[in-house]
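Asker:
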Amino acid sequence: MKRNVVLQLTGVERHYGQGETRLSILKGADFALSSGEIVALVAPSGTGKSTLLHVAGLLEHPDGGEVTINGCACEGLSDEKRTAVRRSEIGFVYQFHHLLPEFSALENIMMPQLISGLSWNEAAARAAQLLDYMRIGHRADHRPAELSGGEQQRVAIARAVANAPLVLLADEPTGNLDPDTAHYVFDALEALVRQSGLAALIATHNHELAARMDRRVTIHDGKVVEF
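In this text, residue positions in the sequence shown follow numbering that gives the first Met the number 0: the first is 0, and each later residue adds one.
(1) Considering Cα atoms alone, identify which of G45, Q112, A39 and D29 is closest to Y15.
(2) State the start and end residues of the unbroken alpha helix (DSSP H) segment that holds L98.
(3) Can you list, in chain order, the stretches of the alpha helix (DSSP H) that have 4 or more residues and sit fully within the stretch 73-145?
(4) Three Cβ pairs or more, each shorter than 8 Å: is that satisfied between the stretch 148-168 and the stretch 89-107?
(5) In the structure shown, what three-state DSSP assignment does L188 receive?
(6) In the DSSP output, which residue or residues are listed as bridge partners for A228?
(7) Put A223 into one of helix, strand or coil per three-state DSSP.
(8) Can at least three beta-carbon pairs, one atom from the stretch 25-39 and one from the stretch 210-226, be found at a separation below 8 Å?
(9) What would DSSP say about S49, mapped onto helix, strand or coil?
(10) Do I218 and A104 have their CB atoms nearer than 7 Å?
(11) What did DSSP end up calling R158 once you bin it into helix, strand or coil?
(12) Decide yes or no for the touch test of the stretch 128-141 against the stretch 102-118: beta carbon pairs closer than 8 Å, at least 3 of them.
(13) Whole angstroms is fine: what's the gap from A190's alpha carbon to A31's?
(14) Bridge partners for V4 per DSSP, in chain order?
(15) Assuming E207 is part of the alpha helix (DSSP H), what are its boundary residues?
(16) Taking the Cβ atom as the reference point for each residue, do A198 and S34 lie within a distance shorter than 7 Å?
(17) Can you list, in chain order, the residues of its chain with a C-beta nearer than 8 Å to that of R142? Leave out the 5 residues immediately preceding and following it.
(18) What are the boundary residues of the beta strand (DSSP E) that includes T67?
(19) Between the C-alpha atoms of L176 and G148, what's the straight-line distance to the nearest angstrom?
(20) Taking a contact to mean a Cβ-Cβ separation below 7 Å, would you say T9 touches G64 in this structure?
(21) If you count every other CB in all the chains shown that lies within 10 Å of the CB of E207, and 16 or more means buried, which is it?
(22) Can you look up R215 in the DSSP assignment and give me helix, strand or coil?
(23) Compute the Euclidean distance between the alpha carbons of M0 and R134, then round it to the nearest angstrom.
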């Protein structure tokens with residue numbers, strides 16, 4: 000089955016500071032991610048993993064090069080249009096779940112859908128489906144503080160895909176979890192990607208989990224290279 004490239008980085012540059020103090024993080028980085036593919040981004044701290052994810056997710060502008068999402072070249076877009084692309088096409092998962100503490104698991108997953116214009120009933124129905132898919136439907140009414148670490152992260156993953164994005168970007172999504180829970184959460188994430196055709200780029204220090212993904216890449220001298 001032919002896979003479509005849904006995320007493409009071409010010659011991406013990212014620098015911080017000025018003059019002699021300029022720090023070059025990405026130096027002409029190229030990378031492509033296809034639908035239904037899970038890619039592990041494995042690199043030491045400080046090499047630019049988070050920067051790459053931020054640029055790929057349109058949270059930061061590159062200093063050079065282009066980010067293309069689903070065939071749309073994004074660098075020339077206005078901030079409003081970049082936000083629209085980010086909201087509809089990209090889901091984010093972080094090491095800490097960042098759930099809203101005053102809302103239930105169901106309501107946390109509903110939020111991005113309501114912002115996108117779905118009705119309350121439509122958002123609630125999809126959120127319930129996602130919770131069931133992640134095998135925590137019985138925890139729908141619980142607030143984050145009442146959930147385990149693994150449950151919190153599964154809610155965060157469900158929230159990230161609530162608007163059916165094409166690309167999922169995850170920054171150490173199992174970094175705060177014990178090994179058994181990390182595998183359980185990754186199992187749920189992998190099943191979701193395979194079932195939906197989502198494209199996922201996952202930064203991780205967990206080499207055992209990375210080995211389960213379709214490809215492994217790292218950042219070397221500011222470029223993305225295959226293992």
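Note that the Cβ used here is the ideal one computed from N, Cα and C, for glycine as well.
Answerer: Let's see:
(1) Distance from the Cα of Y15 is smallest, within the candidate group G45, Q112, A39 and D29, for G45.
(2) Run containing L98: none; DSSP gives neither H nor E here.
(3) Those alpha helix (DSSP H) runs which fall completely within the stretch 73-145 and span 4+ residues are 78-88, 104-114 and 119-132.
(4) Yes: the two stretches touch, three or more of their Cβ pairs being nearer than 8 Å.
(5) Assigned with DSSP and collapsed to three states, L188 falls in helix.
(6) Given that the chain is displayed from residue 0 to residue 226, the structure contains no residue 228 and the question cannot be resolved.
(7) According to the sequence displayed, residue 223 carries Val and not Ala. In the structure shown, V223 falls within a strand segment according to DSSP collapsed to helix, strand and coil.
(8) Verdict: yes, contact present.
(9) Three-state result, S49: helix.
(10) Taking 7 Å as the cut-off, the Cβ atoms of I218 and A104 do not count as close.
(11) In the three-state scheme derived from DSSP, where H, G and I count as helix and E and B as strand, R158 is classed as helix.
(12) Result yes; three or more Cβ-Cβ pairs closer than 8 Å.
(13) Counting only the Cα atoms, A31 lies some 21 Å from A190.
(14) For V4, which the question treats as bridged, DSSP gives the partners S33.
(15) Counted as a single uninterrupted DSSP element, the alpha helix (DSSP H) harbouring E207 occupies residues H206 to A209.
(16) Yes, they are a contact pair.
(17) Taken in chain order, the residues that qualify are P100, E101, F102, S103 and A104.
(18) From DSSP, the beta strand (DSSP E) with T67 extends over G63 to I68.
(19) L176 and G148 have their C-alpha atoms some 7 Å from each other.
(20) In this structure, G64 lies closer than 7 Å to T9 by Cβ.
(21) Burial is judged here by how many other beta carbons sit within 10 angstroms of a residue's own beta carbon; E207 has fewer than 16 and is exposed.
(22) It is a strand residue.
(23) At M0, the pLDDT of 48 sits below 50, so the modelled position is not reliable and the matter cannot be decided from this model.
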